[in-house]
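Using the working numbering, you'd call the opening residue of the sequence shown number 102 and step up by one each time.
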Amino acid sequence: MMIKRMLHYVIVIIVTFAFVSSVYAIQNSNLFASEVSKIKTINLGTNLNVNFGEVTDGKVIEQSFSAKQDGLTKVDLFFSTFNRQNDSETLLSLYEADTNQLIRQAKFNNAQAKDNAYSEFSFDPVEDSKGKMYILKITSNTSDRSQAVTFWKDNTSLADGNLSFAGKHQEGSLVGKLIYQNQFTIMDIIINGLFFSFLNILLFELLRFIKNK
């Protein structure tokens, strides 16, 4: 009897782990998951308190921050185009703060930017970004102010980051969003598998008790 019951427990655990693994796989697949469920957005600055003026190739915005999870894959910046089409590009570079190593880079054609709206810089996910300090550097490829765009500053500084512009420290934070790709790990599957296996075993025992009563 005991062996039979243990066999039932093993079957419950195997089925539960298979189910949990399938759910994680479906949630993270391109076929079934919505774009919203695959990403997590964390704001830098949000208030449009003051802009930086025309950002040209001789001026660099630097914003440091601590990544809140793995899979950093996009940065959204709030553009102002001065209500014109600008023949230039914005270059975004992502550096590891500890080593000053360039790890990701992305360009945006400013002619495609909408005035007073967010635009997206995307790059390959940084798999192990959680808990690390990074520096965003934003500049332009033009020296012509009439073809430059600008970005905005929130007067509230980040608790874990600093802002500078053209080499000078700034109080506040860059208005932007950090986009992370939701990822699941083997540990997620194990923890959730054990939890739901325990619940299923309790349910199994309850049903057996009711049946034998």
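Ideal placement from N, C-alpha and C gives every residue a C-beta, glycine not left out.
### Query
Can you list, in chain order, the residues of its chain whose CB lies under 6 Å from that of K278, leaving out five sequence neighbours each side?
T142, N144 and D177
### Proximity of S223 and T191 at Cβ, strictly below 8 Å
no
### Message
Need the endpoints of the beta strand (DSSP E) that S241 sits in, please.
### Response
M234 to S241
### Message
By the DSSP assignment, the beta strand (DSSP E) with K160 in it spans what residues?
### Response
Counting along the chain, K160 falls outside any beta strand (DSSP E), and DSSP gives it neither H nor E.
### Query
What separation, rounded to the nearest whole angstrom, lies between the Cα atoms of S181 and M234?
28 Å
### Query
For V250, does the count of other Cβ atoms within 10 angstroms reach 16, so buried, or fall short, so exposed?
buried
### Query
With 16 other CB atoms within 10 Å as the buried threshold, where does S189 fall?
buried
### Task
Taking the CB atoms as reference points, tell me whether L264 and L193 lie closer together than 8 Å.
no
### Cutoff 8 Å; reference V156; Cβ partners in own chain excluding five residues on either side
I162, T191, I239, T240, S241, A249, V250, T251 and F252
### Task
Please list, in chain order, all residues of the same chain as N148 whose beta carbon is under 8 Å from its beta carbon, the five residues on each side excluded.
D255, N256, T257 and V276
### Message
So for R246, helix, strand or coil by DSSP?
### Response
helix
### Message
So, with DSSP's three-state summary, where would you put Q213?
### Response
helix
### Query
What separation, rounded to the nearest whole angstrom, lies between the Cα atoms of E272 and N184?
27 Å
### Task
With DSSP as the reference, label E221 as helix, strand or coil.
strand
### Message
Please classify L203 as buried or exposed, where buried requires at least 16 neighbouring CB atoms within 10 angstroms.
### Response
exposed
### Message
If the criterion is Cβ atoms closer than 8 Å, does the pair L259 and F166 meet it?
### Response
yes
### Message
Can you tell me whether G146 is buried or exposed? The criterion is at least 16 other CB atoms within 10 Å of its CB, across all chains shown.
### Response
buried
### Task
Have a look at the DSSP bridge pairing and note the partners of F166.
Y235
### Message
Can you look up S274 in the DSSP assignment and give me helix, strand or coil?
### Response
strand
### Under 8 Å between C-beta atoms of A218 and Q186
no
### Enclosing beta strand (DSSP E) for S265 [first to last residue]
L264 to F266
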